[in-house]
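The next block holds one structure in the form of structure tokens; read it before the comments.
Residue numbers (the UniProt record's numbering): 1 to 738.
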């Protein structure tokens with residue numbers, strides 16, 4: 001079976017010197033011919049695409065088809081059997097609007113035969129088609145002599161997925177950034193300081209499926225919401241409420257067709273602004289009017305509305321700028337969009353998947369840019385028929401919340417999950433099957449995420465799992481790609497560090513780690529029971545009380561998993577390994593890949609004179625010398641010492657160092673007290689050992705931790721456990737974590 005996007009027909013070929021049609025210029029011979037071509041699939045459902053190729057003019061058509069075949073094989077990493085690729089020549093214009101069932105070789109070919117016969121390309125394109133009449137276009141200022149009336153945009157023009165029904169989540173961080181940036185922008189406009197260092201371009205930069213288009217469609221309302229409450233009748237609010245708003249998308253069937261690729265990006269944007277005003281189809285707009293510059297369109301609106309354009313507030317949102325075909329066009333368009341914002345009080349907002357590309361484009365100009373954060377989604381809500389806000393995922397059981405958590409706040413993943421479980425009772429549903437379906441759909445949506453080298457997958461999972469601090473512009477070791485490039489295809493986030501400019505950490509949803517795990521070499525990750533939903537359903541059943549022992553076992557396996565993520569023998573610190581926990585003091589040690597087991601007898605977990613040199617413990621595996629630093633043991637049940645322990649290979653320490661864990665479930669008391677913490681530490685660890693307490697309580701911050709101590713609690717639960725926070729939540733009896 002062929003991959004779905006592998007195409008059977010090479011359906012359209014035109015001469016590039018007139019991207020829309022054949023022209024007289026094609027009569028003149030040239031050493032090279034650039035040919036535009038459109039590739040269609042087996043059915044109308046397959047995704048078509050347009051591209052351009054350069055070929056020697058004395059090459060044959062057969063040579064041309066061979067070149068295309070090689071391109072397709074490289075693009076889709078599969079072989080194209082002989083005879084599958086068929087070529088046709090047509091006379092009609094190329095555009096994305098004609099990529100439909102009517103656009104078939106049988107209806108549009110000028111030659112009665114296929115292009116499989118051998119002809120020189122120079123001869124083949126060396127004459128005008130018979131009875132061809134070139135289409136003439138007119139400029140919009142000649143057609144609309146009285147101007148163009150303003151027409152507000154369709155609020156959902158940038159959106160085409162089920163998540164459009166959800167209420168928009170404007171994060172506090174987003175509103176704070178907008179509040180400051182828009183106020184400063186307006187003050188600069190009022191003072192006439194319209195310089196590139198004072199007038200910003202607003203940017204939403206994030207990977208595929210993370211909510212860029214939704215944020216873009218809500219940009220106007222987000223700006224209004226960001227204004228201080230006391231400014232309900234302010235001049236700025238009045239301007240923004242009466243602004244002309246334009247939504248332009250370069251996605252969802254509105255990307256640049258081959259007839260636009262030779263144009264600059266600004267006129268392509270102008271054509272789509274015109275589409276908002278006139279309605280109809282983009283194809284009709286492109287075939288009827290010469291592509292206008294946005295400023296020309298604004299002038300015609302001002303003429304119709306009888307407004308002073310220099311005093312009119314304009315909001316222009318351009319979604320999917322990364323879809324421009326090449327860097328030159330991308331850079332030029334981004335620069336011109338910045339210049340466009342100088343014509344008055346104009347807010348220009350752009351979305352793209354690549355931050356590095358933006359930085360490269362704007363670096364020479366010193367253009368002020370305001371980066372707008374896109375946060376992972378909280379569980380979404382919907383407005384009912386009465387205007388009340390209700391949960392899109394109404395199941396509030398720990399397992400219901402776990403399914404949502406496993407999507408990692410990724411919009412597309414949550415949409416798929418919502419469509420899979422909507423209206424179903426989770427207790428009587430095959431959750432394992434549903435989550436397998438979710439994983440399969442995500443793999444299909446984001447093939448570029450999963451069709452990478454095993455080494456690259458391991459590097460991504462490793463960096464996300466241990467919260468590795470990365471510099472945004474430096475390639476991640478083992479991938480050759482920057483965090484920006486890793487995040488662009490989707491499912492991987494780059495969360496900027498609030499204390500280190502330019503640095504951040506990768507975040508990967510549990511469902512994505514599961515999808516990657518089968519091809520990883522790490523045995524613990526590969527053998528981890530990711531599809532544990534049926535088991536967890538039993539644990540949250542009201543008839544079965546969750547066992548605290550299971551939380552112990554989970555954390556021991558989790559610690560083993562962390563040890564496997566890092567290279568064996570690598571020098572680490574405990575703050576690196578236990579990122580997210582509250583830690584006082586730090587210890588350097590050599591990482592060792594750990595094996596879990598359980599002690600048969602109660603074992604004193606403190607370093608003392610008896611176990612300083614050799615520490616033999618009877619475990620389920622036999623006699624274990626803990627000083628070899630190869631094991632983590634769960635203590636025997638009800639031991640008056642630590643719940644789990646291991647020995648650290650600490651070359652800089654004069655005495656052995658144990659890492660001791662204590663797991664505590666507290667009921668009826670919200671905050672952990674200092675006396676309780678000290679009591680747990682003293683019974684489990686010596687003063688030189690490292691002690692970490694895992695508790696379902698909160699830390700009010702009213703006491704400091706002792707030296708070489710750590711705390712995992714409700715306040716840092718998600719940060720510590722990351723993608724596995726949902727499972728820790730359930731194993732922690734459903735009360736650990738926010």
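Every residue gets a Cβ at the ideal spot worked out from N, C-alpha and C, and that includes glycine.
It should be emphasised that the depicted structure is a prediction, and the values quoted were computed from it without experimental measurement.
Secondary structure at residue 408, three-state DSSP: helix, strand or coil? coil
Spatial distance of residue 409 from residue 208 (CA atoms): 13 Å
On a CA-only basis, which of 580, 571, 517, 550 is nearest residue 452? Give me that one, please. 517
Can you name, in chain order, every residue of its own chain whose Cβ lies under 8 Å from the Cβ of residue 429, other than the five neighbours on each side? 421
Closest to residue 215 by C-alpha separation, out of 457, 715, 411, 729, would be which residue? 411
For residue 609, count neighbouring C-beta atoms within 10 Å of its own C-beta (all shown protein chains included) and say buried if the count is 16 or more, exposed if not. exposed
Which of helix, strand or coil does DSSP assign to residue 503? strand
Under a three-way DSSP split, which group does residue 510 fall into? helix
Residue 234 to residue 223 span [Cα, whole Å]: 14 Å
Pick helix, strand or coil for residue 349, following the three-state DSSP scheme. strand
C-alpha distance - residue 602 paired with residue 717, whole-angstrom precision: 29 Å
Could you confirm whether any beta carbon from chain D is found closer than 7 Å to the beta carbon of residue 459? The structure shown contains no chain D; it is built from a single protein chain.
Exposed or buried, which one is residue 462 when buried takes at least 16 other CB atoms within 10 Å? buried
Would the beta-carbon of residue 203 fall within 7 Å of that of residue 366? no
Going by the beta-carbon positions, is the gap between residue 319 and residue 249 smaller than 7 Å? yes
To the nearest whole angstrom, what separates the beta carbons of residue 559 and residue 632, a pair I think is in contact under 8 Å? 6 Å
Could you tell me which residues DSSP puts in a beta bridge with residue 664? 695
With respect to 6 Å, is the separation between the Cβ of residue 212 and the closest non-hydrogen atom of the ligand ATP below this value? Here there are no bound small molecules, and the ligand ATP is not part of this structure.
Would the region 653-667 count as touching the region 684-703 if we require 3 or more Cβ pairs under 8 Å? yes
Tell me whether the region 619-636 and the region 644-660 touch, counting them as touching only if at least three CB pairs, one residue from each stretch, are closer than 8 Å. yes
Can you list, in chain order, the residues of its chain whose CB lies under 7 Å from that of residue 450, leaving out five sequence neighbours each side? 443, 515, 516
Would the beta-carbon of residue 439 fall within 7 Å of that of residue 511? yes
Thinking C-beta only, is residue 493 closer than 7 Å to residue 507? yes
Using the C-alpha atoms, what's the distance from residue 614 back to residue 649? 13 Å
Given a cut-off of 7 Å on the beta-carbon distance, is the pair residue 739 and residue 282 in contact? Outside the displayed range of the chain (1 to 738) lies residue 739, so it cannot be described from this structure.
CB of residue 298 within 7 Å of CB of residue 316, strictly: no
Any idea what DSSP makes of residue 183, helix, strand or coil? helix
Any 3 or more C-beta pairs closer than 8 Å across the region 379-392 and the region 707-723: no
Cut-off 6 Å between Cβ atoms - residues of its own chain near residue 722, not counting five sequence neighbours on either side: none
Strand pairing of residue 589, partner residues [DSSP]: 572
Where the alpha helix (DSSP H) containing residue 141 begins and where it ends: 140-143
Under 6 Å Cβ to Cβ from residue 701, same chain only, skipping five residues before and after it: list those, please. none
Hey, out of 187, 344, 375, 302, whose CA is closest to residue 144's CA? 302
For residue 246, which three-state DSSP category applies? strand
Give the range of the beta strand (DSSP E) segment to which residue 217 is assigned. It is not in any beta strand (DSSP E) - residue 217 instead sits in the alpha helix (DSSP H) that spans 212-217.
By how many angstroms is the C-alpha of residue 474 removed from the C-alpha of residue 356? 11 Å
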